[in-house]
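*Asks:* Once you've had a glance at the structure underneath, I'll fire off some questions.
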Amino acid sequence: MELDAYYKLISSESRARKYLLGKCFKNHQRFCPRCRCRKLYKLQEGRSRCSRCDYTFHDFSGRWINYGRLSALQWLSLIKLFELEVSVRKMSLQLGLSYRAVYGAVSTIRMAILSHAEDAPSLLGGEIELDEAYFGGRRKGNRGRGAAGKVPVFGILEREGHVHVSVVPDVSAATLLKLTVKKVRRGSVVYTDKFRSYDSLMFCGYRHLKVDHQKYFSSGRVYINGLEGFWSWAKERLMKHHGVSKDRFPLYLKELEFRYNHRTGDLFDQVANYLCDLVPKRD
Ligand SMILES: [Zn+2]
């Protein structure tokens, strides 16, 4: 979003609210967030009651954006600062909110992003790079495969396109091939290094080309620099968070995947869309 459009949006609470409501309800047609029934009774203080399931709700009920009773203006400022990668501490100073409130809101943004992480319907294709990396762990050294205490992450990168990264339990051939087959179109050209787990790619319907790091870093188009660039970009960003716990790590990883995949698009608008979605029901 352009800065002047953003300033216009945050010129009043009612404008900010209208923008968010437009994302919650297409054409401003209200419906029950539980059963999607459109026949509603209006109650006081902006609440409604569903004629079918009796659920009483207000505009943002059941949505990510309902977290923490923040105003529409506060949410839009939070989204903007998140887009600019401002730290939680600085956000809380700028917005006059507690660290706890901002941390909760930013975590909500990350969870909304994570809930959309598996959306991408189309398979990656064309020229693909595969590689694994290890994140976290306090000790330096002990690098490479099997590094103790570190989280293995598998990356699939479509050149000039999207990246898909996931935390994996191990880097066995079975694990990596299963993810590749799920995400990459058959017939694609796949570049990897010489790690053994990639040896059976040619049997899965891919044209497999190996990079030999020891001989030369790249040879013509046979390189995995795109993914290596992503790893160092991601690690640099994660450093700012001063160590992320293992169970929260996927949240941060998917945020980086999202940032990378929307590097040329409108991140602000996309985050607002996700936040206005209904929180998926847990089974
Ligand atoms: Zn209902």
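For the numbering used here, count along the sequence shown from 1 and bump the result up by 20. Glycine included, C-beta positions come from ideal geometry on N, C-alpha and C.
(1) Tell me, to the nearest whole angstrom, how far the beta carbon of L134 is from that of W95; I am working on the premise that it is less than 8 Å.
(2) Thinking V171 and V187 are a contact (beta carbons under 8 Å), I'd like their distance in whole angstroms, please.
(3) Can you look up S252 in the DSSP assignment and give me helix, strand or coil?
(4) Could you check whether L113 and S97 sit closer than 9 Å to each other, using their CB atoms as the reference points?
(5) Do you know whose CA, among M259, L93, I129 and N86, lies nearest E103's CA?
(6) For S107 and L258, I'd like the C-alpha separation in whole angstroms.
(7) Whole angstroms is fine: what's the gap from N162's alpha carbon to V173's?
(8) How would you call F223, buried or exposed, if buried means at least 16 neighbouring beta carbons within 10 angstroms?
(9) Could you tell me which of V122, D79 and R89 sits nearest to L101, measuring between CA atoms?
(10) Looking at the secondary structure, which residues open and close the alpha helix (DSSP H) in which G124 lies?
(11) Is L60 closer than 9 Å to C52 when the C-beta atoms are compared?
(12) Per the DSSP calculation, Y61 is bridged to which residue(s)?
(13) Going along the chain, which residues put their C-beta within less than 5 Å of some heavy atom in ligand 1?
(14) When DSSP builds the beta bridges, which residues end up paired with H228?
(15) Whose CA, out of F250, S127 and C296, lies closest to the CA of K279?
(16) Could you tell me the alpha carbon to alpha carbon distance between I99 and D190, rounded to whole angstroms?
(17) Can you tell me whether G146 is buried or exposed, with buried defined as 16 or more other CB within 10 angstroms of its CB?
*Replies:* Working from what's here:
(1) Actually they do not touch by this definition, with Cβ atoms about 18 Å apart.
(2) 6 Å
(3) helix
(4) no
(5) I129
(6) 12 Å
(7) For N162, the predicted model reports a pLDDT of 49, less than 50, meaning its position is unreliable; a value from the coordinates is still stated below. Taking the straight line joining both Cα atoms gives about 16 Å.
(8) exposed
(9) V122
(10) Y119 to S135
(11) yes
(12) R69
(13) C52, R54, C55, C57, C70, R72, C73 and Y75
(14) V210
(15) A quick correction: the sequence has Arg, not Lys, at residue 279. Selected option, being the one with the closest Cα: F250.
(16) 35 Å
(17) exposed
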